[in-house]
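Okay, structure first, notes after.
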Amino acid sequence: MYKDKGCGQVNLENVDQVINVAGWVDSWRDHGSLLFLDLRDSTGTIQIVFDKGVNSNNHEIASSIRNEWVIQVEGIVKKRIEGAENPNISTGYIELNAKKLTILNSSKTPPFEINNENVDETTRLKYRYLDLRSNKMQKNLRLRHELILEICNYLNNKDFVHIETPILIKSTPEGARDYIVPSRVHPGEYYALPQSPQQMKQMLMVSGFEKYFQIAKCFRDEDLRADRQPEHTQLDFEMSFVHQEDVLNNCEKLYSHLSKKFLGQDIPVPFPRIKYAESMEMYGTDKPDTRFELKIHNLESKLSGTDFNVFNNALKNNGTIRGFSVPKNEKMTRKFYDNLNEFVRNNGGAGIIPVSIEKNIDDIQLEDIKSPIIKFLDLELVKDLFKFFDIEHDQVILICAGEKNIVLDCLGKVRNKLAYEFNLIDQKKFNFLFVTDFPLFEFDNENNKWAAMHHVFSSPNNDTIDYLENDPGKVIGNLFDLVCNGVELGSGSIRIHEREVQEKVFSIIGYDDNQVNERFGPLLESFDYGAPPHGGMGLGIDRLISTFLGEDSIRDVISFPKTQSASDLLWGAPSIIDNEQKLELRIKNIEDEKGAK
RNA sequence: GGCCCCGUGGUGUAGUGGUUUAACACGCCUCCCUGUCAAGGAGGAGAUCGGCAGUUCGAGUCUGCUCGGGGUCGCCA
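713 is the number of the first residue of the first sequence in my numbering; add one for each residue after it.
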């Protein structure tokens, strides 16, 4: 070994020992005849001292050393002289007096300073190997390692079996776009990369493993976001002979355990459960951020008697009037409301109406009410409204009217936006919850047919299974999401394990027998040989880690992420391939052909 | 596919009602300095402003196109 100890592992107990360390030069401070050099390795940094009076040859060589050079130093550990200690770092009470210096490799001046957190992401990605040297990225990826290890150990202790499933699988186009891999052996035929190991893990249940898990790579050829990469890592687990509560329990106990270990927080189990319909009503979204209140209320009865046409038309057209109250904030200027209105309109809404009062509710007169629709309101109505919300004049009521889905969606987005802008979010909170009772189907207006809301394998619950025949929109699935702080961390369900039910679901979403057979034949056939009832979840690991770390983008918890246009700036993927490769695969570009773009 | 934002020395920014030696901080180079750790001091090099085209006497600044990055809607079972 080039080193006896890690730079960050040397301490007062090692004083007077002669040791070797090796690593990268983190920084240097040249005082002329005295040179300090901070050496960094994976364990931390240590200060190395080159004293011209002690060894002028070493000192001269050291003077030429620059940041990121790789060196090895043999030296004697010394307690720092009094007054020169640095209590801010773990090795701040000792230093290494160099005896022997070996330059293992020099370095060009890096394109950016390693621990500068204000560097353009393009540059960081292009020089990812340097970016990954930073304290932040080292911390993030090491936490990722620890967390995944903990998950594996935890589930292992619960008798789960880690089983790898193939990356080259059959394409079953449905839902997301598949990534496709051409087959050389079968010209004109293609593999797909798995969007998730869904069918395979269900089949493993049929095979009798009972408790399966996998840290699985999943691939989707869809547009990217801060929280979406073309490939992401999922904790995939599946259990046999379980009810929904058993699956939820496994998940919440694991995540509570992880929170305890990595956040130092006791998150009590069970996590709150909220039904999909309630979540939509209260928060305007199926992934509510419950770190703040601002709950949405139905104001139809309160505001049905005005002369305001927007309200009346909304009610007449089977729409709704909803709103929530928010503490007054100095940012609420005229311009603020203009922007908010535009924000709502950009999200499909008609607008948003504030109502506020200037005095205590019992003292107000009509002129104390502030609202753009003041002429349609009367004193008693406004008093009634504020009493309904149980608020005083330090709060503002924001109201939307129109089609229910749009109103709730807009209010949900405004709710998040204002909580963020007004700093109403306690960043230390981690509010895990389950959203349950999702509908099994949603109507796809564009294609005029029913589509699976989650995926086609989720089972209908017993109370609503009869609606499968005539009213699929009313069927509720044994289907749930794990949500934390407004982020969807994963979802799962109790699966269908009976062929007839599965075929019924396929028929509702319009698959004919051929399609079913082609895409799901093997799984359905396996159900004929004694499939146990089973269920499980797929949980996004990248999102979990970024949530734990407070990172805005999952790119900062992934070693080599891709850009929004799915490019890898470091390796240069995707790239063109040799004609020879194409010939072998029997593929050619069609960009010059008719009809191709 | 739509919308929005960004692109100026190595890094981060300023400069955008048209004319400047294109400014500042960090970094880099040289010299001084024996207790620094955001070291300090003195000096210096380095950008024709993502690219192309246009408007103009004159463009970092205006217009169009384009490339790259980011955010978002669609999309993501």
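Glycine included, C-beta positions come from ideal geometry on N, C-alpha and C.
All figures in this text were calculated on a predicted structure; none of them were measured in a lab.
Through-space distance from residue j to residue i, alpha-carbon basis
i, j, result
"residue 766", "residue 798", "23 Å"
"residue 1219", "residue 903", "26 Å"
"residue 1280", "residue 838", "8 Å"
"residue 1132", "residue 951", "38 Å"
"residue 990", "residue 1170", "20 Å"
"residue 1154", "residue 1176", "15 Å"
"residue 1172", "residue 1208", "8 Å"
"residue 910", "residue 925", "11 Å"
"residue 1163", "residue 1156", "6 Å"
"residue 1096", "residue 1048", "26 Å"
"residue 1309", "residue 1085", "Here the model assigns residue 1309 a pLDDT of 39, short of 50, so the residue's position is not dependable, and the following value carries that caveat. Their Cα atoms are separated by approximately 51 Å."
"residue 1295", "residue 879", "24 Å"
"residue 715", "residue 906", "43 Å"
"residue 740", "residue 750", "6 Å"
"residue 1315", "residue 940", "In the structure as shown, the chain starts at 713 and stops at 1309, and residue 1315 therefore has no counterpart that could be examined."
"residue 1103", "residue 1071", "12 Å"
"residue 850", "residue 931", "25 Å"
"residue 761", "residue 806", "11 Å"
"residue 1017", "residue 1031", "15 Å"
"residue 822", "residue 842", "8 Å"
"residue 828", "residue 846", "8 Å"
"residue 985", "residue 993", "15 Å"
"residue 935", "residue 1117", "25 Å"
"residue 810", "residue 800", "23 Å"
"residue 913", "residue 946", "13 Å"
"residue 1041", "residue 1106", "9 Å"
"residue 1229", "residue 1223", "10 Å"
"residue 1006", "residue 759", "52 Å"
Distance CB(residue i)-CB(residue j) smaller than 9 Å
i, j, result
"residue 1261", "residue 970", "no"
"residue 895", "residue 901", "yes"
"residue 802", "residue 744", "no"
"residue 1245", "residue 1188", "no"
"residue 1242", "residue 955", "no"
"residue 736", "residue 753", "yes"
"residue 784", "residue 816", "yes"
"residue 790", "residue 728", "yes"
"residue 1130", "residue 1038", "yes"
"residue 859", "residue 974", "yes"
"residue 1149", "residue 987", "yes"
"residue 722", "residue 808", "yes"
"residue 1034", "residue 1123", "yes"
"residue 1236", "residue 1196", "no"
"residue 1015", "residue 1093", "yes"
"residue 1310", "residue 1269", "Nothing about residue 1310 can be read from this structure; the chain reaches only from 713 to 1309."
Contact belief for residue i with residue j at Cβ below 8 Å, rounded distance in angstroms
i, j, result
"residue 872", "residue 949", "6 Å"
"residue 1108", "residue 1062", "About 19 Å separates the two Cβ atoms, so there is no contact after all."
"residue 1251", "residue 1198", "Actually they do not touch by this definition, with Cβ atoms about 16 Å apart."
"residue 1142", "residue 979", "6 Å"
"residue 1004", "residue 1137", "6 Å"
"residue 1272", "residue 778", "In fact, because the Cβ distance is near 27 Å, the residues do not count as touching under 8 Å."
Outcome for residue i when other beta-carbon atoms lying within 10 angstroms are tallied against a minimum of 16
i, result
"residue 1234", "exposed"
"residue 1139", "exposed"
"residue 1258", "buried"
"residue 1001", "buried"
"residue 1298", "exposed"
"residue 861", "exposed"
"residue 897", "exposed"
"residue 1307", "Residue confidence for residue 1307 is low, a pLDDT of 43 falling below 50, so the modelled location carries little weight; the figure read from the coordinates is stated next. Residue 1307 comes out exposed."
"residue 1166", "buried"
"residue 1305", "Residue confidence for residue 1305 is low, a pLDDT of 48 falling below 50, so the modelled location carries little weight and cannot support an answer."
"residue 1111", "buried"
Beta-bridge partners of residue i, as assigned by DSSP
i, result
"residue 1038", "1108"
"residue 945", "929"
"residue 749", "740, 760"
"residue 1068", "1082"
"residue 1329", "The structure shown does not extend to residue 1329, since the chain spans only 713 to 1309, so no value can be given for it."
"residue 1162", "1155"
"residue 1203", "1193, 1250"
"residue 1044", "Beta-bridge pairing links residue 1044 to no other residue."
"residue 1145", "1195"
"residue 1113", "1033"
"residue 1170", "1207"
Residue i CB to nearest heavy atom of the ligand FMN below 8 Å
i, result
"residue 802", "Although the ligand FMN was asked about, the structure shown includes no ligands whatsoever."
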